[in-house]
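Undergrad: There's a structure below that I have some questions on.
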Ligand SMILES: Cc1ncc(COP(=O)(O)O)c(C=O)c1O
Ligand SMILES: Cc1ncc(COP(=O)(O)O)c(C=O)c1O
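Chains as they are written, first to last, in this note's numbering: chain A, 1 to 161; chain B, 1001 to 1161; chain C, 2001 to 2411; chain D, 3001 to 3411.
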């Protein structure tokens, strides 16, 4: 049986109460991407300032539950200042952390354990996989970031240089 | 538990094997009415020769199960030569015989017993109500006759006199 | 709470015997789906164990019995809602949503043309909105909304004007978000006076109060078995026989035809015209059992019981939280059902529901398929608690205790 | 019949323990609906007793579990038919018939225009005919039929010509009247070569033989849970993810939307776009149990078992009645399933079925929702006997005895 403390770690509540990197960036030049969780109505806007392959700044606005708010706040802290390649690597590892394999739904097996030792604060979110309905809350900001990067490369390729 | 002998009385099988009043009548002047049971594909054509308020002749063609064939044969014998009022009275009584009240479906109560003593051979068909799915087979010809009479009055009113 | 024995209902309901996180379950999500009592579950098992066969056209014993189960449920349903022609007016669908799609895509497509107005309300469930948008996109009808006032009632100040050009007024008897019960008879009278037909979304009222389609004088009614102690997979569509006979087919297939040839088909008459394919048969056994169970309880008693619980809960929520927990819906239990949409200060509804789960309390966070209404009140979501015939004031005790914990945790 | 233990299946099936008219039931109507084994019935009862809640959007324990039951059934179904993208390609409907209506009214309405041809066959069930007629009446498409030969096979002599202008070839894997199994891979290859998509009516094949949508290379598949030992009220629609994503919504309501505003709606992505309203949830618990049960038996074993029964029955019918009882369908068990449509000399199918009922034998008289096919063979009806995984050669013994009695009675 999943325990509530696995979900609401103190560090998560901390990020929820005092979210990092809240705000907007002028766009353009920043990339502005909207994320949306139709199931619970969570909305999120991610602003990305990318220069020379580096995510120089990131800001977030929107509303959502503690998990979605904390996840986006922790994400912003984890990726800010990193090279795009490194950002993508972090996204990849986070997605792995959040994966509940279809097989586990079918067979009742446990979700696979991701490599959490390299993830710092983000590891606090691993408790979310024990609450599968909340995974969408945790991944909303990451999917939005991912989408922003994809769009960003389009933008960069065509002339923000 | 309903017994098969209730359904296939000897007199019914007799009418099935040697149906009365098979054939056609020239129409017009005879009224020609088609009956159709979409569930089992039974088809029936009833020809009515009505003169001065009397059903002078009736003929039947079509195909169907033993119950529908026997019922139509017995019907033809029962109504031929009768006044239209009398025919309608026979139809009424027969319909009553065949009624399974909705309430009995709902509550599992027995179907009401109709006044079967005045019905002659037709009473042999009362076993059909114990097989509710077969009621439609038994009533097809009667509904077709009824419809024919209704149309017939239209026709008579407008000028076959 | 008078002679009504909710504790007895609770003990009849297997799921309520379950424990969650070491505590007895506190089920407060009946507005989403109700919990079937043992007789309903057993009626379906027994059906499969003893009688299952496809319905219609079968002459062997179990096929006859299965048909009796199915048609018997139609009779029981007709009687339950006081349909004037009984079973001849009852169509079985998959759920309320399919019933509304049937209404829109059969009656609507045949009777509405560009410019005609379908009037709904801002407090409708998506089931009574989206099918009309689909028809609008197809035919060019107008979909108009009756607004909702700040105190969670229909705003009828401009109603007469809103009725201009309306061919159908389709509205909910009770809001699944606000709990608000609408004045069905009054609204119906007004709509009829303007020549409009009236469709009623009874998903939240059937099973919670008596339903009499003749008394209400509505023209169409839609509801779901799973919200009235019955099974999933079964809905009801009712309309008067004259209208039913005039409606063209909806889904095509076996069972709904009189004839099929290489060059076309002839639809069947009666309710079966709208029941294409093998219907939910076992589910109708469950529905009949649910109807009998509810009739045994007495719908007036259920209504009185749920109203008492609601009055009590409204008072205690206010007492304990003094506004830190807001009820999005009428503040008194007049003209409202037992649906309490909660907005907890500083705590997202998802988190409310998650914390409550730790106490075994089942409430539903979200927009409750009523996004226009949520927008109206500038909410993304609420945490909704709702009562059923088996609810007890102990449920409210646990709800309050758990809410307290949520408020503290996120403070 | 090899190591397959049909007697074990029989003892797992509660309904087969029943007596009819003092004799053990002889159930020969699996083509209409199959009889669920105990694990299927229990899975549904257990669901209602322990886990029932509405799916999606719920965060409390039972809502999460109910969602797992529901989505788990989607995963199990995807695996069962070897869907390349698994659950992402599985839509739950009410029955095969709704699946075909979804196909016609979503994919068809979006992709077909006046003059386009939908090719079906003369041996189709009404479920795969009427929705196309409805689309024809609406859009002016042409519905064309592949004829059937005198020996009960598709007449492919002019097939290439029949494929002219065809956008979709929609046909049955196995006829529910004739038993004929069509060469799915060959037909699909030919249709694809001409640029047509292929839809398969798998209602009579899923549960009777292995199903692999990749191997068959078809584009759409429709079937019903109740014909594969599962419950009523649940059907499946499968198509490749690319096609699914391109299909516009069908029924409108809750669950199938991403957003609803006062001025319109945005549909959801994935299978849920086609699942408006509360779905049949308990039924999916039954479907998963049915799939597991069938997988435990091994579909190859079921197929071999039913073929052996069919071979035996065909031989014994001929031996005993020498033509007085005609089988309307292929005379050998190659490329045919266990469906035996009987035409008894001088006895109407209704009477055949009625007499057989006296022996506890369940066969279905009628047109079996395939009127064009019946007309093709100048029949109003047949009495159809069909096998399932629990059938035994003793069933054939009783069938023959009862048929003898029918022949004698009406002689
Ligand atoms: C070949 C075939 N297709 C479609 C159907 C329709 O299935 P359902 O009635 O479950 O919609 C049937 C069942 O009778 C069938 O045999
Ligand atoms: C008022 C109202 N209408 C319609 C519906 C839709 O019912 P279903 O999901 O059973 O189709 C619901 C259920 O959520 C409801 O509360």
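We put the beta carbon where it would ideally sit given N, CA and C, even for glycine.
Counting pairs of beta carbons, one from the segment 2041-2054 of chain C and one from the segment 2250-2260 of chain C, are three or more of them closer than 8 Å?
TA: No, the segment 2041-2054 of chain C does not touch the segment 2250-2260 of chain C.
Undergrad: With respect to the alpha helix (DSSP H) encompassing residue 3175 (chain D), which residues constitute its N-terminal and C-terminal limits?
TA: Here residue 3175 (chain D) belongs to no alpha helix (DSSP H), and DSSP marks it neither H nor E.
Undergrad: What residue range is occupied by the uninterrupted alpha helix (DSSP H) comprising residue 1076 (chain B)?
TA: First-last of the alpha helix (DSSP H) with residue 1076 (chain B): 1066-1079.
Undergrad: On a CA-only basis, which of D:3399, D:3376 and D:3390 is nearest residue 3150 (chain D)? Give me that one, please.
TA: Cα-wise, what sits closest to residue 3150 (chain D) is D:3376.
Undergrad: Could you tell me whether any non-hydrogen atom of ligand 4 is closer than 6 Å to the CB of residue 3125 (chain D)?
TA: In the structure shown, ligand 4 is absent; the only ligands present are ligand 1 and ligand 2.
Undergrad: For residue 3196 (chain D), which residues of its own chain have a beta-carbon under 8 Å away from its beta-carbon, when the five flanking residues on both sides are left out?
TA: Cβ within range, chain order: 3119, 3163, 3166, 3167, 3168 and 3169.
Undergrad: Is any heavy atom of ligand 2 found at a distance shorter than 6 Å from the C-beta of residue 2134 (chain C)?
TA: No; taking the cut-off as 6 Å, the Cβ of residue 2134 (chain C) has no heavy atom of ligand 2 nearer than that.
Undergrad: Give the range of the beta strand (DSSP E) segment to which residue 3257 (chain D) is assigned.
TA: Residues 3257-3261.
Undergrad: Less than 6 Å between C-beta atoms, sequence neighbours within five positions excluded: which residues of the same chain meet that for residue 3365 (chain D)?
TA: Around residue 3365 (chain D): 3349, 3350, 3353, 3381 and 3383.
Undergrad: Please tell me whether, using a cut-off of 6 Å, the distance from the CB of residue 3224 (chain D) to the nearest non-hydrogen atom of ligand 1 is below it.
TA: Residue 3224 (chain D) Cβ: within cutoff of ligand 1.
Undergrad: Kindly say whether residue 2066 (chain C), judged by its beta-carbon, lies nearer than 7 Å to any beta-carbon of chain B.
TA: False, the Cβ-Cβ gap to chain B never drops below 7 Å.
Undergrad: Between residue 1125 (chain B) and chain D, is the shortest Cβ-Cβ distance under 7 Å, so that the two count as touching?
TA: No, no contact with chain D.
Undergrad: Report yes if the C-beta distance between residue 3092 (chain D) and residue 3128 (chain D) is below 7 Å; otherwise report no.
TA: Taking 7 Å as the Cβ cut-off, residue 3092 (chain D) and residue 3128 (chain D) do not qualify as a contacting pair.
Undergrad: Consult DSSP for residue 2142 (chain C) and reduce its assignment to one of helix, strand or coil.
TA: If DSSP states are grouped into helix, strand and coil, residue 2142 (chain C) belongs with the strands.
Undergrad: Under 6 Å: does the beta carbon of residue 2209 (chain C) sit that close to some heavy atom of ligand 2?
TA: The answer is no for residue 2209 (chain C).
Undergrad: Evaluate contact between the segment 2066-2085 of chain C and the segment 2273-2284 of chain C, counting only Cβ atoms and requiring at least three cross-stretch pairs below 8 Å.
TA: Touching, yes.
Undergrad: Looking only at DSSP bridge pairs, what is residue 36 (chain A) linked to?
TA: A:43, per the DSSP bridge assignment.
Undergrad: Assuming residue 2410 (chain C) contacts residue 66 (chain A) under a Cβ cut-off of 8 Å, what Cβ separation, rounded to an integer in Å, is found between them?
TA: Correct: roughly 7 Å between the Cβ atoms.
Undergrad: Leaving out five residues on either side along the sequence, give the residues of the same chain with a beta carbon under 6 Å from the beta carbon of residue 2320 (chain C).
TA: Only 2400 meet the Cβ criterion.
Undergrad: Could you compute how far the alpha carbon of residue 3158 (chain D) sits from the alpha carbon of residue 3183 (chain D)?
TA: Taking the straight line joining both Cα atoms gives about 16 Å.
Undergrad: In whole angstroms, what separates the C-alpha of residue 2317 (chain C) from that of residue 2160 (chain C)?
TA: If you take the alpha carbons of residue 2317 (chain C) and residue 2160 (chain C), they lie about 37 Å apart.
Undergrad: Is residue 3280 (chain D) closer than 7 Å to residue 2233 (chain C) when the C-beta atoms are compared?
TA: A contact, by the Cβ cut-off of 7 Å.
Undergrad: May I ask you to check if the CB of residue 2419 (chain C) is nearer than 6 Å to at least one heavy atom of ligand 1?
TA: Residue numbering for chain C in the displayed model covers 2001 to 2411; residue 2419 (chain C) lies beyond these limits and cannot be assessed.
Undergrad: Taking 7 Å as the CB-CB limit, is residue 146 (chain A) close to chain C?
TA: No, because no Cβ of chain C sits closer than 7 Å to the Cβ of residue 146 (chain A).
Undergrad: Can you give me the C-alpha to C-alpha distance between residue 2198 (chain C) and residue 2146 (chain C), rounded to a whole angstrom?
TA: Their Cα atoms are separated by approximately 14 Å.
Undergrad: Could you tell me the alpha carbon to alpha carbon distance between residue 2154 (chain C) and residue 2121 (chain C), rounded to whole angstroms?
TA: Spanning the two alpha carbons is a distance of roughly 8 Å.
Undergrad: Contact criterion: CB-CB distance below 7 Å. Does residue 2218 (chain C) meet it with respect to chain B?
TA: Answer no: the Cβ-Cβ gap between residue 2218 (chain C) and chain B never drops below 7 Å.
Undergrad: In the structure shown, what three-state DSSP assignment does residue 2196 (chain C) receive?
TA: DSSP places residue 2196 (chain C) in coil when its eight states are reduced to three.
Undergrad: When the Cα of residue 3029 (chain D) is compared with those of D:3268, D:3398 and D:3363, which residue comes out closest?
TA: The shortest C-alpha separation from residue 3029 (chain D) is found at D:3363.
Undergrad: Let me check understanding here. Comparing Cα to Cα, which of D:3024, D:3011 and D:3033 lies closest to residue 3358 (chain D)?
TA: For residue 3358 (chain D), the nearest C-alpha among the options comes from D:3024.
Undergrad: Is the segment 2260-2273 of chain C close to the segment 2290-2306 of chain C, with three or more CB pairs under 8 Å?
TA: Touching, no, given that fewer than three Cβ pairs across the two stretches are closer than 8 Å.
Undergrad: Name, in chain order, the residues that DSSP records as bridge partners for residue 2222 (chain C).
TA: In the DSSP output, where bridge partners are listed per residue, residue 2222 (chain C) has C:2201 and C:2237.
Undergrad: Quick one, which residues of the segment 2233-2267 of chain C are near chain F if we go by CB-CB under 9 Å, in chain order?
TA: The structure shown contains no chain F; the protein chains it does contain are A, B, C and D.
Undergrad: Return the first residue and the last residue of the alpha helix (DSSP H) that residue 3312 (chain D) is part of.
TA: Unbroken alpha helix (DSSP H) run through residue 3312 (chain D): 3299-3321.
Undergrad: What is the DSSP secondary structure of residue 2100 (chain C), counted as helix, strand or coil?
TA: Helix at residue 2100 (chain C).
Undergrad: Indicate whether at least one CB of chain C lies closer than 7 Å to the CB of residue 66 (chain A).
TA: Closer than 7 Å to some Cβ of chain C, the Cβ of residue 66 (chain A) qualifies, so yes.
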